[in-house]
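Beneath this line is the structure, given in C-alpha coordinates, with notes to follow.
In mature numbering (1 follows the signal peptide of the UniProt record, and there is no 0), the protein residues as written are -22 to -1, 1 to 485.
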(Lines of atoms letter the chains of each structure in order from A and count residues from 1; the text may use other names and numbers.)
(Lines give C-alpha, C1' and ligand atoms only; values in the text may rest on other atoms or scores of the structure.)
Protein backbone atom coordinates (compact mmCIF):
# COMPACT_ATOMS: atom_id res chain seq x y z
CA UNK A 1 0.00 0.00 0.00
CA UNK A 2 1.17 3.51 -0.74
CA UNK A 3 0.26 6.42 1.46
CA UNK A 4 0.82 10.08 0.57
CA UNK A 5 1.98 12.47 3.27
CA UNK A 6 0.70 15.57 1.48
CA UNK A 7 -2.74 16.67 0.38
CA UNK A 8 -3.19 18.46 -2.95
CA UNK A 9 -3.47 21.78 -1.14
CA UNK A 10 -0.41 21.23 1.03
CA UNK A 11 1.71 20.09 -1.92
CA UNK A 12 0.92 23.28 -3.82
CA UNK A 13 1.47 25.51 -0.81
CA UNK A 14 4.51 23.60 0.35
CA UNK A 15 3.15 23.10 3.87
CA UNK A 16 4.96 20.66 6.12
CA UNK A 17 4.54 19.30 9.61
CA UNK A 18 2.72 16.04 8.87
CA UNK A 19 4.05 12.76 10.16
CA UNK A 20 7.32 11.72 8.58
CA UNK A 21 7.50 8.75 6.27
CA UNK A 22 5.39 6.90 3.76
CA UNK A 23 4.37 3.28 4.17
CA UNK A 24 5.29 1.70 0.86
CA UNK A 25 6.35 -1.60 2.42
CA UNK A 26 5.55 -3.68 5.46
CA UNK A 27 7.02 -3.06 8.92
CA UNK A 28 8.33 -5.86 11.14
CA UNK A 29 5.62 -7.39 13.34
CA UNK A 30 5.90 -7.23 17.12
CA UNK A 31 4.08 -8.99 19.95
CA UNK A 32 4.20 -5.78 21.98
CA UNK A 33 3.58 -2.95 19.54
CA UNK A 34 4.34 0.58 20.67
CA UNK A 35 3.18 3.82 19.06
CA UNK A 36 6.29 6.03 18.78
CA UNK A 37 6.12 9.67 19.73
CA UNK A 38 6.62 12.29 17.01
CA UNK A 39 10.14 12.91 18.29
CA UNK A 40 11.35 9.34 17.88
CA UNK A 41 9.28 8.14 14.93
CA UNK A 42 11.54 6.30 12.48
CA UNK A 43 11.46 5.81 8.73
CA UNK A 44 13.35 2.75 7.51
CA UNK A 45 14.50 2.31 3.91
CA UNK A 46 15.35 -1.38 3.78
CA UNK A 47 17.43 -3.57 1.45
CA UNK A 48 18.49 -0.61 -0.68
CA UNK A 49 21.73 0.05 -2.57
CA UNK A 50 23.32 3.14 -1.04
CA UNK A 51 25.48 5.44 -3.19
CA UNK A 52 26.67 7.77 -0.45
CA UNK A 53 28.61 10.20 -2.76
CA UNK A 54 31.76 10.01 -0.64
CA UNK A 55 33.48 8.26 -3.54
CA UNK A 56 33.17 4.83 -1.91
CA UNK A 57 31.68 2.00 -3.99
CA UNK A 58 27.95 1.43 -3.83
CA UNK A 59 26.84 -0.57 -0.77
CA UNK A 60 24.18 -3.15 -1.54
CA UNK A 61 21.43 -4.50 0.74
CA UNK A 62 21.62 -1.67 3.24
CA UNK A 63 19.04 -0.33 5.65
CA UNK A 64 18.91 3.41 6.27
CA UNK A 65 17.06 4.67 9.34
CA UNK A 66 15.79 8.24 9.53
CA UNK A 67 14.54 10.11 12.58
CA UNK A 68 13.80 13.74 13.32
CA UNK A 69 15.05 14.87 9.89
CA UNK A 70 18.43 13.14 10.23
CA UNK A 71 20.07 9.91 9.16
CA UNK A 72 20.06 7.70 12.24
CA UNK A 73 21.93 4.72 10.78
CA UNK A 74 23.33 3.33 7.53
CA UNK A 75 23.99 -0.36 8.09
CA UNK A 76 23.89 -3.70 6.26
CA UNK A 77 20.33 -4.99 6.45
CA UNK A 78 21.46 -8.22 8.12
CA UNK A 79 22.87 -6.24 11.04
CA UNK A 80 20.08 -3.78 11.78
CA UNK A 81 16.52 -4.33 12.85
CA UNK A 82 13.60 -2.14 11.92
CA UNK A 83 12.21 -0.41 15.02
CA UNK A 84 8.68 -1.26 16.05
CA UNK A 85 6.20 1.15 14.50
CA UNK A 86 8.61 2.44 11.89
CA UNK A 87 7.37 3.57 8.49
CA UNK A 88 9.04 1.15 6.09
CA UNK A 89 10.06 1.71 2.49
CA UNK A 90 11.10 -1.43 0.65
CA UNK A 91 14.28 -0.48 -1.21
CA UNK A 92 14.84 -3.77 -3.03
CA UNK A 93 16.11 -3.05 -6.55
CA UNK A 94 16.40 0.67 -5.76
CA UNK A 95 19.31 3.10 -5.29
CA UNK A 96 19.60 5.81 -2.66
CA UNK A 97 21.62 8.98 -3.34
CA UNK A 98 21.91 12.30 -1.45
CA UNK A 99 19.59 15.16 -2.32
CA UNK A 100 20.83 17.14 -5.30
CA UNK A 101 21.95 20.78 -5.54
CA UNK A 102 21.53 23.28 -8.37
CA UNK A 103 24.34 25.77 -7.84
CA UNK A 104 23.37 28.30 -10.52
CA UNK A 105 19.70 29.17 -10.66
CA UNK A 106 17.51 32.16 -11.53
CA UNK A 107 13.91 31.76 -10.38
CA UNK A 108 11.40 33.11 -12.87
CA UNK A 109 8.04 31.37 -12.59
CA UNK A 110 6.83 31.71 -9.01
CA UNK A 111 5.95 29.52 -6.08
CA UNK A 112 3.49 27.24 -7.89
CA UNK A 113 6.26 26.22 -10.32
CA UNK A 114 9.79 26.48 -8.96
CA UNK A 115 9.79 24.93 -5.44
CA UNK A 116 7.69 21.88 -6.33
CA UNK A 117 9.59 21.21 -9.58
CA UNK A 118 12.85 21.31 -7.65
CA UNK A 119 11.62 18.92 -4.97
CA UNK A 120 9.96 16.57 -7.47
CA UNK A 121 13.33 16.35 -9.24
CA UNK A 122 15.23 15.55 -6.05
CA UNK A 123 16.78 19.04 -5.72
CA UNK A 124 17.01 19.94 -2.04
CA UNK A 125 19.57 22.78 -2.26
CA UNK A 126 19.55 25.77 -4.64
CA UNK A 127 21.98 28.67 -5.02
CA UNK A 128 19.94 31.62 -6.32
CA UNK A 129 22.30 33.81 -8.34
CA UNK A 130 20.63 37.20 -7.97
CA UNK A 131 18.48 38.91 -5.37
CA UNK A 132 14.92 37.59 -5.29
CA UNK A 133 12.48 38.65 -2.56
CA UNK A 134 10.17 35.68 -3.20
CA UNK A 135 12.98 33.16 -2.85
CA UNK A 136 14.20 34.85 0.34
CA UNK A 137 10.70 34.57 1.79
CA UNK A 138 10.35 30.94 0.71
CA UNK A 139 13.68 30.13 2.35
CA UNK A 140 12.54 31.63 5.66
CA UNK A 141 9.40 29.50 5.47
CA UNK A 142 11.43 26.38 4.64
CA UNK A 143 13.71 26.99 7.62
CA UNK A 144 10.68 27.59 9.85
CA UNK A 145 9.14 24.30 8.71
CA UNK A 146 6.03 25.87 7.18
CA UNK A 147 6.95 25.23 3.54
CA UNK A 148 8.20 22.21 1.70
CA UNK A 149 11.06 23.22 -0.57
CA UNK A 150 14.79 23.23 -1.08
CA UNK A 151 17.13 25.33 1.01
CA UNK A 152 18.17 28.43 -0.91
CA UNK A 153 21.37 30.42 -0.70
CA UNK A 154 20.50 33.82 -2.17
CA UNK A 155 22.94 36.29 -3.66
CA UNK A 156 22.98 40.03 -4.21
CA UNK A 157 21.69 41.67 -7.36
CA UNK A 158 24.18 41.46 -10.22
CA UNK A 159 27.03 43.91 -9.50
CA UNK A 160 28.28 45.13 -12.87
CA UNK A 161 30.32 48.00 -14.20
CA UNK A 162 29.00 51.28 -15.58
CA UNK A 163 27.42 51.00 -18.12
CA UNK A 164 25.96 47.60 -17.30
CA UNK A 165 25.04 44.86 -19.73
CA UNK A 166 21.69 44.68 -17.91
CA UNK A 167 20.48 48.25 -18.40
CA UNK A 168 16.80 48.20 -19.30
CA UNK A 169 16.55 44.41 -19.45
CA UNK A 170 14.57 43.81 -16.26
CA UNK A 171 17.10 41.86 -14.17
CA UNK A 172 18.06 43.17 -10.71
CA UNK A 173 21.50 44.76 -10.95
CA UNK A 174 23.71 47.44 -9.43
CA UNK A 175 26.11 49.39 -11.68
CA UNK A 176 29.26 50.69 -10.01
CA UNK A 177 31.51 53.25 -11.69
CA UNK A 178 34.20 53.64 -9.02
CA UNK A 179 35.98 51.56 -6.38
CA UNK A 180 34.20 53.60 -3.69
CA UNK A 181 30.82 52.69 -5.15
CA UNK A 182 31.93 49.06 -5.37
CA UNK A 183 32.88 48.96 -1.68
CA UNK A 184 29.65 50.66 -0.65
CA UNK A 185 27.68 48.09 -2.64
CA UNK A 186 29.35 45.18 -0.84
CA UNK A 187 28.52 46.73 2.54
CA UNK A 188 24.94 47.46 1.49
CA UNK A 189 24.34 43.94 0.19
CA UNK A 190 25.70 42.36 3.34
CA UNK A 191 23.45 44.62 5.42
CA UNK A 192 20.50 43.59 3.21
CA UNK A 193 21.12 39.93 4.04
CA UNK A 194 22.70 38.66 0.81
CA UNK A 195 24.56 35.38 1.26
CA UNK A 196 27.13 36.41 -1.35
CA UNK A 197 27.98 39.19 -3.79
CA UNK A 198 27.45 38.31 -7.45
CA UNK A 199 30.03 40.06 -9.66
CA UNK A 200 29.61 40.51 -13.38
CA UNK A 201 31.36 40.90 -16.68
CA UNK A 202 31.90 44.64 -17.18
CA UNK A 203 33.32 45.56 -13.78
CA UNK A 204 36.42 47.70 -14.17
CA UNK A 205 39.66 46.25 -12.86
CA UNK A 206 39.76 48.76 -9.99
CA UNK A 207 36.14 48.04 -9.00
CA UNK A 208 36.68 44.28 -9.15
CA UNK A 209 39.61 44.49 -6.76
CA UNK A 210 37.70 46.88 -4.49
CA UNK A 211 34.89 44.31 -4.24
CA UNK A 212 37.39 41.55 -3.51
CA UNK A 213 38.99 43.55 -0.71
CA UNK A 214 35.73 44.76 0.82
CA UNK A 215 34.19 41.28 0.65
CA UNK A 216 37.18 39.98 2.57
CA UNK A 217 36.79 42.75 5.16
CA UNK A 218 33.05 42.10 5.47
CA UNK A 219 33.51 38.32 5.48
CA UNK A 220 31.04 37.71 2.68
CA UNK A 221 31.85 35.54 -0.35
CA UNK A 222 32.00 37.09 -3.80
CA UNK A 223 31.64 35.03 -6.96
CA UNK A 224 30.29 35.06 -10.48
CA UNK A 225 31.64 36.13 -13.84
CA UNK A 226 35.29 36.96 -14.36
CA UNK A 227 35.53 40.59 -15.45
CA UNK A 228 36.68 41.29 -19.00
CA UNK A 229 39.47 43.36 -17.44
CA UNK A 230 40.84 40.74 -15.00
CA UNK A 231 42.62 37.46 -15.65
CA UNK A 232 41.02 34.26 -14.39
CA UNK A 233 44.08 33.48 -12.28
CA UNK A 234 44.05 37.00 -10.84
CA UNK A 235 40.38 36.63 -9.91
CA UNK A 236 41.12 33.29 -8.26
CA UNK A 237 44.03 34.74 -6.30
CA UNK A 238 41.78 37.63 -5.20
CA UNK A 239 39.34 35.15 -3.65
CA UNK A 240 36.62 34.67 -6.26
CA UNK A 241 34.77 31.75 -4.69
CA UNK A 242 33.35 30.26 -7.87
CA UNK A 243 33.63 30.96 -11.59
CA UNK A 244 30.27 30.85 -13.32
CA UNK A 245 30.13 29.56 -16.91
CA UNK A 246 33.08 28.92 -19.23
CA UNK A 247 33.12 32.16 -21.25
CA UNK A 248 36.32 33.62 -19.80
CA UNK A 249 38.33 30.50 -18.93
CA UNK A 250 40.21 30.07 -22.19
CA UNK A 251 42.00 33.42 -22.30
CA UNK A 252 44.41 32.46 -19.52
CA UNK A 253 45.19 29.18 -21.29
CA UNK A 254 45.76 30.69 -24.74
CA UNK A 255 49.14 31.03 -26.41
CA UNK A 256 47.75 34.34 -27.77
CA UNK A 257 46.59 35.67 -24.41
CA UNK A 258 48.26 39.09 -24.52
CA UNK A 259 46.97 39.85 -28.01
CA UNK A 260 43.44 38.66 -27.24
CA UNK A 261 43.24 40.55 -23.94
CA UNK A 262 44.20 43.78 -25.66
CA UNK A 263 41.40 43.12 -28.13
CA UNK A 264 38.62 42.28 -25.69
CA UNK A 265 39.36 45.20 -23.38
CA UNK A 266 39.03 47.61 -26.28
CA UNK A 267 35.70 46.29 -27.63
CA UNK A 268 33.01 49.01 -27.21
CA UNK A 269 30.03 47.68 -25.25
CA UNK A 270 27.00 49.86 -24.61
CA UNK A 271 24.61 49.68 -21.69
CA UNK A 272 22.04 46.92 -22.09
CA UNK A 273 24.08 45.24 -24.79
CA UNK A 274 23.91 41.77 -23.28
CA UNK A 275 23.61 39.95 -26.57
CA UNK A 276 25.95 42.43 -28.23
CA UNK A 277 28.60 41.44 -25.72
CA UNK A 278 27.95 37.76 -26.44
CA UNK A 279 28.32 38.25 -30.19
CA UNK A 280 31.23 40.70 -30.11
CA UNK A 281 33.28 38.55 -27.75
CA UNK A 282 32.56 35.27 -29.48
CA UNK A 283 35.31 35.57 -32.15
CA UNK A 284 37.90 36.26 -29.45
CA UNK A 285 36.69 33.42 -27.26
CA UNK A 286 36.80 31.13 -30.29
CA UNK A 287 40.35 32.25 -31.06
CA UNK A 288 41.36 31.64 -27.44
CA UNK A 289 39.83 28.16 -27.50
CA UNK A 290 41.68 27.27 -30.72
CA UNK A 291 45.00 28.51 -29.32
CA UNK A 292 44.68 26.42 -26.16
CA UNK A 293 48.14 25.76 -24.70
CA UNK A 294 48.04 22.57 -22.67
CA UNK A 295 51.24 23.31 -20.76
CA UNK A 296 50.04 26.79 -19.86
CA UNK A 297 46.62 25.43 -18.92
CA UNK A 298 48.16 22.96 -16.48
CA UNK A 299 49.61 25.86 -14.50
CA UNK A 300 46.33 27.79 -14.58
CA UNK A 301 44.26 24.83 -13.43
CA UNK A 302 46.74 23.95 -10.69
CA UNK A 303 46.41 27.50 -9.40
CA UNK A 304 42.60 27.29 -9.33
CA UNK A 305 42.79 23.97 -7.51
CA UNK A 306 45.31 25.31 -5.00
CA UNK A 307 43.11 28.33 -4.29
CA UNK A 308 40.00 26.16 -3.96
CA UNK A 309 38.25 28.16 -6.69
CA UNK A 310 35.17 26.29 -7.87
CA UNK A 311 33.89 26.27 -11.44
CA UNK A 312 30.22 25.92 -12.32
CA UNK A 313 30.33 25.02 -16.04
CA UNK A 314 26.57 25.36 -16.80
CA UNK A 315 26.95 23.22 -19.91
CA UNK A 316 23.21 23.33 -20.57
CA UNK A 317 23.49 27.10 -20.91
CA UNK A 318 26.35 26.71 -23.37
CA UNK A 319 24.37 24.06 -25.27
CA UNK A 320 21.77 26.72 -25.96
CA UNK A 321 24.12 29.64 -26.71
CA UNK A 322 26.55 27.58 -28.84
CA UNK A 323 23.96 25.37 -30.57
CA UNK A 324 20.66 27.29 -30.62
CA UNK A 325 19.57 25.54 -33.79
CA UNK A 326 19.58 22.22 -31.95
CA UNK A 327 17.02 23.39 -29.38
CA UNK A 328 14.14 20.88 -29.11
CA UNK A 329 10.78 22.45 -29.79
CA UNK A 330 8.48 19.67 -28.55
CA UNK A 331 9.94 18.61 -25.22
CA UNK A 332 6.98 17.32 -23.15
CA UNK A 333 8.50 18.94 -20.06
CA UNK A 334 7.56 22.36 -21.46
CA UNK A 335 4.05 21.60 -20.17
CA UNK A 336 5.34 22.56 -16.71
CA UNK A 337 6.18 26.09 -17.90
CA UNK A 338 3.57 28.85 -18.43
CA UNK A 339 2.74 29.90 -21.98
CA UNK A 340 4.03 33.42 -21.35
CA UNK A 341 7.48 32.06 -20.55
CA UNK A 342 7.44 29.79 -23.58
CA UNK A 343 6.50 32.78 -25.76
CA UNK A 344 9.55 34.63 -24.50
CA UNK A 345 11.76 31.60 -25.11
CA UNK A 346 10.64 31.56 -28.73
CA UNK A 347 11.23 35.30 -29.03
CA UNK A 348 14.76 34.99 -27.58
CA UNK A 349 15.61 32.05 -29.82
CA UNK A 350 14.34 33.67 -33.02
CA UNK A 351 15.40 37.28 -32.58
CA UNK A 352 18.48 37.05 -30.39
CA UNK A 353 20.19 33.75 -31.13
CA UNK A 354 19.08 32.63 -34.60
CA UNK A 355 18.47 35.90 -36.43
CA UNK A 356 21.22 36.35 -39.05
CA UNK A 357 23.10 33.26 -37.91
CA UNK A 358 25.19 31.72 -40.69
CA UNK A 359 26.25 28.11 -41.38
CA UNK A 360 29.78 29.20 -40.47
CA UNK A 361 28.58 30.31 -37.04
CA UNK A 362 26.79 26.99 -36.59
CA UNK A 363 29.99 25.09 -37.39
CA UNK A 364 32.02 27.24 -35.03
CA UNK A 365 29.40 26.82 -32.31
CA UNK A 366 29.56 23.05 -32.63
CA UNK A 367 33.36 23.10 -32.46
CA UNK A 368 33.48 25.41 -29.47
CA UNK A 369 30.96 23.31 -27.56
CA UNK A 370 33.04 20.18 -28.12
CA UNK A 371 36.03 22.13 -26.82
CA UNK A 372 34.00 23.15 -23.75
CA UNK A 373 33.39 19.48 -22.99
CA UNK A 374 37.13 18.77 -23.17
CA UNK A 375 37.80 21.83 -21.01
CA UNK A 376 35.49 20.52 -18.27
CA UNK A 377 37.25 17.17 -18.38
CA UNK A 378 40.64 18.88 -18.09
CA UNK A 379 39.47 20.95 -15.12
CA UNK A 380 38.23 17.85 -13.34
CA UNK A 381 41.44 15.92 -14.02
CA UNK A 382 43.43 18.86 -12.60
CA UNK A 383 41.50 18.71 -9.34
CA UNK A 384 39.49 21.91 -9.83
CA UNK A 385 36.23 21.44 -7.86
CA UNK A 386 33.23 21.46 -10.21
CA UNK A 387 29.63 22.17 -9.24
CA UNK A 388 26.47 21.40 -11.17
CA UNK A 389 24.36 24.40 -12.13
CA UNK A 390 21.98 25.21 -14.95
CA UNK A 391 21.41 28.98 -15.23
CA UNK A 392 17.65 28.46 -15.25
CA UNK A 393 16.22 31.59 -16.78
CA UNK A 394 18.00 30.81 -20.01
CA UNK A 395 15.49 29.87 -22.69
CA UNK A 396 14.29 26.28 -22.89
CA UNK A 397 15.71 25.24 -19.52
CA UNK A 398 12.89 23.77 -17.42
CA UNK A 399 13.26 24.27 -13.65
CA UNK A 400 14.17 21.09 -11.81
CA UNK A 401 14.50 18.91 -14.89
CA UNK A 402 17.38 20.92 -16.33
CA UNK A 403 19.73 19.84 -13.52
CA UNK A 404 19.48 16.26 -14.77
CA UNK A 405 20.29 17.53 -18.27
CA UNK A 406 23.41 19.18 -16.80
CA UNK A 407 24.46 15.93 -15.14
CA UNK A 408 24.14 14.17 -18.49
CA UNK A 409 26.33 16.86 -20.13
CA UNK A 410 28.98 16.48 -17.41
CA UNK A 411 29.03 12.75 -18.10
CA UNK A 412 29.35 13.52 -21.81
CA UNK A 413 32.40 15.62 -20.92
CA UNK A 414 34.09 12.50 -19.61
CA UNK A 415 33.61 12.73 -15.85
CA UNK A 416 32.97 9.43 -14.12
CA UNK A 417 29.38 9.01 -13.00
CA UNK A 418 30.51 9.18 -9.37
CA UNK A 419 32.25 12.49 -10.03
CA UNK A 420 29.14 13.76 -11.80
CA UNK A 421 27.03 12.89 -8.76
CA UNK A 422 29.51 14.65 -6.52
CA UNK A 423 29.17 17.89 -8.52
CA UNK A 424 25.55 18.01 -7.31
CA UNK A 425 26.05 16.60 -3.80
CA UNK A 426 29.44 16.51 -2.08
CA UNK A 427 31.04 19.51 -3.82
CA UNK A 428 28.15 21.96 -3.23
CA UNK A 429 28.01 20.92 0.44
CA UNK A 430 31.74 21.53 0.82
CA UNK A 431 31.46 24.89 -0.90
CA UNK A 432 28.54 25.97 1.31
CA UNK A 433 30.25 24.74 4.47
CA UNK A 434 27.21 22.52 5.00
CA UNK A 435 29.02 19.65 6.67
CA UNK A 436 25.74 17.94 7.52
CA UNK A 437 24.69 17.59 3.88
CA UNK A 438 25.97 16.19 0.60
CA UNK A 439 26.55 12.55 1.55
CA UNK A 440 24.59 9.72 3.16
CA UNK A 441 26.14 9.16 6.56
CA UNK A 442 24.96 8.89 10.12
CA UNK A 443 24.01 12.27 11.54
CA UNK A 444 23.59 13.98 8.16
CA UNK A 445 20.39 15.78 7.16
CA UNK A 446 17.95 13.33 5.62
CA UNK A 447 17.81 14.90 2.13
CA UNK A 448 17.70 11.86 -0.12
CA UNK A 449 16.55 10.63 -3.52
CA UNK A 450 15.39 7.05 -4.09
CA UNK A 451 15.95 5.91 -7.68
CA UNK A 452 14.57 2.96 -9.62
CA UNK A 453 17.83 2.47 -11.56
CA UNK A 454 21.58 2.75 -10.97
CA UNK A 455 23.08 6.20 -11.72
CA UNK A 456 26.62 4.78 -11.60
CA UNK A 457 25.75 2.60 -14.59
CA UNK A 458 24.08 5.46 -16.51
CA UNK A 459 23.88 8.99 -15.09
CA UNK A 460 20.57 9.49 -16.88
CA UNK A 461 19.09 7.20 -14.25
CA UNK A 462 18.99 10.18 -11.87
CA UNK A 463 15.72 10.94 -13.66
CA UNK A 464 14.27 7.57 -12.58
CA UNK A 465 13.00 9.03 -9.33
CA UNK A 466 10.82 6.86 -7.12
CA UNK A 467 10.64 9.00 -3.97
CA UNK A 468 12.27 12.09 -2.48
CA UNK A 469 13.10 12.68 1.17
CA UNK A 470 13.32 16.31 2.32
CA UNK A 471 14.69 16.67 5.86
CA UNK A 472 13.09 13.35 6.73
CA UNK A 473 9.75 14.03 5.06
CA UNK A 474 9.04 11.34 2.48
CA UNK A 475 7.38 12.24 -0.80
CA UNK A 476 6.32 8.87 -2.14
CA UNK A 477 5.57 8.14 -5.83
CA UNK A 478 1.89 9.08 -5.52
CA UNK A 479 2.63 12.37 -3.76
CA UNK A 480 5.39 13.20 -6.22
CA UNK A 481 3.08 12.58 -9.18
CA UNK A 482 0.42 14.73 -7.56
CA UNK A 483 2.98 17.50 -7.17
CA UNK A 484 3.91 17.32 -10.86
CA UNK A 485 0.26 17.23 -11.92
CA UNK A 486 -0.50 20.33 -9.89
CA UNK A 487 2.47 22.21 -11.39
CA UNK A 488 1.24 21.34 -14.87
CA UNK A 489 -2.22 22.70 -14.00
CA UNK A 490 -0.76 25.84 -12.43
CA UNK A 491 1.35 26.48 -15.54
CA UNK A 492 -1.67 26.03 -17.81
CA UNK A 493 -3.65 28.53 -15.73
CA UNK A 494 -1.17 31.38 -16.29
CA UNK A 495 -2.44 33.66 -19.09
CA UNK A 496 -0.26 34.50 -22.11
CA UNK A 497 2.05 37.50 -21.89
CA UNK A 498 0.51 40.95 -22.13
CA UNK A 499 3.74 42.97 -21.73
CA UNK A 500 6.08 43.39 -24.71
CA UNK A 501 8.36 40.39 -24.95
CA UNK A 502 11.42 42.52 -25.62
CA UNK A 503 11.22 43.94 -22.10
CA UNK A 504 11.97 40.58 -20.56
CA UNK A 505 15.39 39.35 -19.51
CA UNK A 506 17.22 37.53 -22.34
CA UNK A 507 19.54 35.59 -20.03
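Don't be surprised by glycine CBs; every beta carbon is placed ideally from N, CA and C.
- Secondary structure of residue 65 (DSSP, three-state): strand.
- Within the same chain, and ignoring the five residues on either side of residue 288 in sequence, the residues whose Cβ sits closer than 6 Å to its Cβ are 220, 363, 365 and 409.
- Beyond the five residues adjoining it in sequence on each side, residue 342 comes within less than 7 Å, by CB distance, of 264 in the same chain, given in chain order.
- In the three-state DSSP reduction, residue 187 falls in the helix class (H, G or I).
- Runs of the beta strand (DSSP E) lying entirely within the segment 19 to 43 and spanning at least 3 residues, in chain order: 20 to 28.
- Residue environment for residue 467: exposed (fewer than 16 other C-beta atoms within 10 angstroms of its C-beta).
- Residue nearest to residue 302 within the set 86, 281 and 340 is 340 (criterion: CA-CA distance).
- As DSSP reads the structure, residue 336 sits in no beta bridge.
- 206 is the residue among 215, 213, 206 and 224 whose C-alpha sits nearest the C-alpha of residue 240.
- Counting only runs of 4+ residues, the alpha helix (DSSP H) found wholly inside the segment 365 to 432 occupies 379 to 390, 395 to 401 and 404 to 410, in chain order.
- If you draw a straight line from the Cα of residue 117 to the Cα of residue 125, it is about 8 Å long.
- Using a 10 angstroms sphere on the CB of residue 337, the tally of other CB atoms stays under 16, which defines it as exposed.
- Residue 237 sits exposed, since fewer than 16 C-beta atoms from the chains shown fall within 10 Å of its C-beta.
- The closest CA to that of residue 217, considering only 223, 208 and 224, is found on 208.
- Non-local C-beta neighbours of residue 393 in its own chain, meaning closer than 8 Å and more than five positions away in sequence, comprise 354, 355, 358, 364 and 401, ordered along the chain.
- Residue 312: not part of any alpha helix (DSSP H); DSSP gives it neither H nor E.
- Residue pairing from DSSP places residue 151 in a beta bridge opposite 136.
- Contact between the segment 40 to 52 and the segment 93 to 104 is absent: fewer than three C-beta pairs spanning the two stretches fall below 8 Å.
- Between the C-alpha atoms of residue 128 and residue 233 there is a straight-line separation of about 43 Å.
- Just measuring C-alpha positions, the residue of 231, 180 and 109 sitting nearest residue 171 is 109.
- Restricting attention to 64, 385 and 37, the CA atom closest to the CA of residue 52 is found in 37.
- A residue is called buried once 16 or more other Cβ atoms fall within 10 Å of its Cβ, and residue 369 is buried on that count.
- Under the DSSP assignment, residue 168 falls in the alpha helix (DSSP H) whose first and last residues are 157 to 169.
- Non-local beta-carbon contacts of residue 86 in its own chain, meaning distances under 6 Å to residues more than five positions away in sequence, involve 371 in chain order.
- Residue burial is scored here from C-beta neighbours: residue 474 has fewer than 16 other C-beta atoms within 10 angstroms and is therefore classed as exposed.
- With fewer than 16 other Cβ atoms inside 10 Å of its own Cβ, residue 304 counts as exposed.
- With fewer than 16 other beta carbons inside 10 angstroms of its own, residue 333 counts as exposed.
- Here DSSP, grouped into helix, strand and coil, assigns residue 110 to coil.
- Residue range 220 to 222 is occupied by the beta strand (DSSP E) that includes residue 220.
- Residues 228, 231 and 232 of the same chain have their beta carbon placed closer than 7 Å to that of residue 270, with the five preceding and five following residues left out of the count.
- According to the DSSP secondary-structure assignment, residue 238 is paired through a beta bridge with no residue.
- According to the DSSP assignment, residue 363 belongs to no alpha helix (DSSP H), since it is labelled neither H nor E.
- For residue 458, same chain residues with a beta-carbon under 6 Å away, outside a window of 5 residues either side, are 98 in chain order.
- Excluding sequence positions up to five before and after residue 296, its CB lies within less than 8 Å of the CB of 223, 224, 347 and 350, all in the same chain and listed in chain order.
- The three-state secondary structure of residue 144, taken from DSSP, is coil.
- In the structure shown, residue 251 falls within a coil segment according to DSSP collapsed to helix, strand and coil.
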